[in-house]
Structure formats: C-alpha cells, structure tokens
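Comments concern the structure below.
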Ligand SMILES: [Mg+2]
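Numbering (the numbering used here), first residue to last: 14 to 268.
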C-alpha cells in the first residue's frame, strides 16, 4: 500500500495511519478528570472519616494541584489506567490508618465510581473541529486509530457524543486484554493488525508518556498537542512537532 503524505503544522511526512490519544488530544482533559477526582476524593474522605490532611495527600499522590485545578501531565491522574489508580488511592488510605482490604474496597467503591461514571455532556468538550479534521484524513485514505488508557465504556460514550466513532479503524482501551500505554506493544500491535510497520504510524498525544512511547516504538512522527495535561516545555523534548489541535494534521498536497 502506498504511503500518504501527511502535513503536520509545517512538517510533511509519509505515513499510513495516525494514532490518537483521547483525553487531552481529542477532548478537553481538564473538563473531565480534575472534577472527577475531586468528587471521588471528597466522597472517599467522608466514607473513611478522614479530613483535609488526607485530601491533600491524595491530591499530591494523584498528581493534582487542587488550589489551581491543575493536573500534572506526568502523574497518575493523567496517565495511569483505572486498575492502577485504584491501588494508588488505596495506598493513600492505608497511610491514613485504613487497613488494606478496607482501603481497596473503599477506593474501588468511591474513586472507581467517580472515575467510571457515565460521562455527562458538559464533560465532553472536543478540542477544536475534531470531527471535520478526522473526516478530512479518513477521506484521503489515512487510517485513524485511538489508543487510550481510559476504559471502553466511557470511551464509547465520549466518541459517540462527538459523533466520531465511525472514523476509527481501531480503538484500544485501558481495560482491554493485552498491552496498555505506555507499553510500546500497543503501537506494534496496532501496526501489525493493520499490516503496517510502526514506521507507518504517527502518534499524537498530550503527555510525555504518549510521546516517549512513540519515540521508543519508532513511529514516523511523534506529535505533541499542547493545552492538554502536559505543558509545552514538558512535551517539546519528546516531540518532533507541537500543535494546538488536531486540525493541524491534514492530508498533504494541493488543496
Ligand atoms: Mg492524554
């Protein structure tokens, strides 16, 4: 199969498929995960009978600055799949005197519920003209794939709300069987299943985790998207190019 030429900002590259992260790349990261963490943490503190010291410890551990409502692009809240996050939060409960079995149960019950709640409409804000951008790529014969650490239920609801599900050839979620980001096998498996090489892929993400994985796997181009969980300064050393939204990824050539 011939490679298509894809234009990313002022760079042109030959590739066949664009792999997109979801949160912070296709949808606004900050509208979803900070408020969910705060909701889960608050309910958890009440259920466990723990106060502000616990909450402060929990936010620090999750990689969340509650004062400024800012998520660290390199912390667990931004990057860890749910099953890891539950254990991380249970560990904070244990450090505040809750026995381990109970800590896991509470973390599952309250943080798990907050993190997996059916996404509400106001939580699903597309980052720019997502549907138009995807349609333009797919119509030019470029494949689009999602690799997210979020679970499939929430992913389906969000993609459905944005009306973009039909553009994706493959959607890989954090609760699927098999490897999860930042395991490079996620990218090698995507390439293999499409009968492509990893060098035929472009990876787009808003965290160092995504971009470091992309570089390690050997993709054609590692594209950082600013305005998500990771700052431009954090992303720059791991990205071949930084963009503001996926509208800057287009089929190359006369238009
Ligand atoms: Mg992301």
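In this text, a Cβ means the ideal position worked out from N, Cα and C, and glycines have one as well.
For clarity, every value in this text was computed on a predicted model and none was experimentally measured.
With distances taken Cα to Cα, identify the nearest neighbour of residue i among the options.
i           : options               : result
residue 59  : 124, 189 and 264      : 124
residue 75  : 63, 62 and 95         : 95
residue 116 : 102, 126 and 127      : 102
residue 32  : 142, 212, 251 and 52  : 212
residue 210 : 29, 177 and 245       : 29
residue 87  : 148, 107, 265 and 225 : 225
residue 119 : 180, 155 and 57       : 57
residue 244 : 139, 218 and 171      : 218
residue 63  : 110, 97, 48 and 104   : 110
residue 239 : 27, 200, 26 and 36    : 36
residue 48  : 100, 82, 143 and 134  : 82
residue 168 : 131, 197, 154 and 199 : 131
residue 165 : 139, 263, 50 and 178  : 178
residue 232 : 206, 252 and 78       : 252
Which two residues bound the contiguous alpha helix (DSSP H) that contains residue i?
i           : result
residue 206 : 198-206
residue 256 : Per DSSP, residue 256 belongs to no alpha helix (DSSP H); it is in the beta strand (DSSP E), 254-256.
residue 222 : 221-230
residue 128 : 126-129
residue 115 : 113-119
residue 138 : Where residue 138 is concerned, there is no enclosing alpha helix (DSSP H), given that its DSSP letter is neither H nor E.
Please indicate yes or no: does the CB of residue i lie closer than 7 Å to some heavy atom of ligand 1?
i           : result
residue 76  : no
residue 34  : yes
residue 37  : yes
residue 220 : yes
residue 138 : no
residue 241 : yes
residue 67  : no
residue 42  : yes
Starting from residue i, trace the beta strand (DSSP E) both ways and give me its first and last residue.
i           : result
residue 42  : It is not in any beta strand (DSSP E) - residue 42 carries neither H nor E in the DSSP assignment.
residue 20  : 17-21
residue 28  : 24-28
residue 209 : Segment: none, residue 209 is in no beta strand (DSSP E) and carries neither H nor E.
residue 101 : Counting along the chain, residue 101 falls outside any beta strand (DSSP E), though it belongs to the alpha helix (DSSP H) covering 95-108.
residue 244 : From DSSP, residue 244 is part of no beta strand (DSSP E); its letter is neither H nor E.
residue 238 : 234-238
residue 264 : 262-264
residue 259 : Residue 259 -> no beta strand (DSSP E), and no H or E assigned at all.
So residue i packs on residue j, CB below 8 Å; how close in whole Å?
i           : j           : result
residue 161 : residue 187 : 6 Å
residue 242 : residue 84  : 5 Å
residue 259 : residue 141 : 7 Å
residue 261 : residue 21  : 6 Å
residue 134 : residue 174 : 7 Å
residue 222 : residue 195 : 5 Å
residue 52  : residue 138 : No, residue 52 and residue 138 are not in contact; Cβ-Cβ is about 18 Å, not under 8 Å.
residue 61  : residue 106 : 6 Å
residue 266 : residue 248 : The pair is not a contact, with the Cβ atoms about 28 Å apart (cut-off 8 Å).
residue 206 : residue 183 : 7 Å
### Query
Where are the alpha helix (DSSP H) runs, 4 residues long or more, that stay fully inside the segment 149-195, in chain order?
165-175
**Request:** Quick one: which unbroken alpha helix (DSSP H) runs of 4-plus residues sit fully inside the segment 37-91? Chain order, please.
**Result:** 46-61 and 65-75
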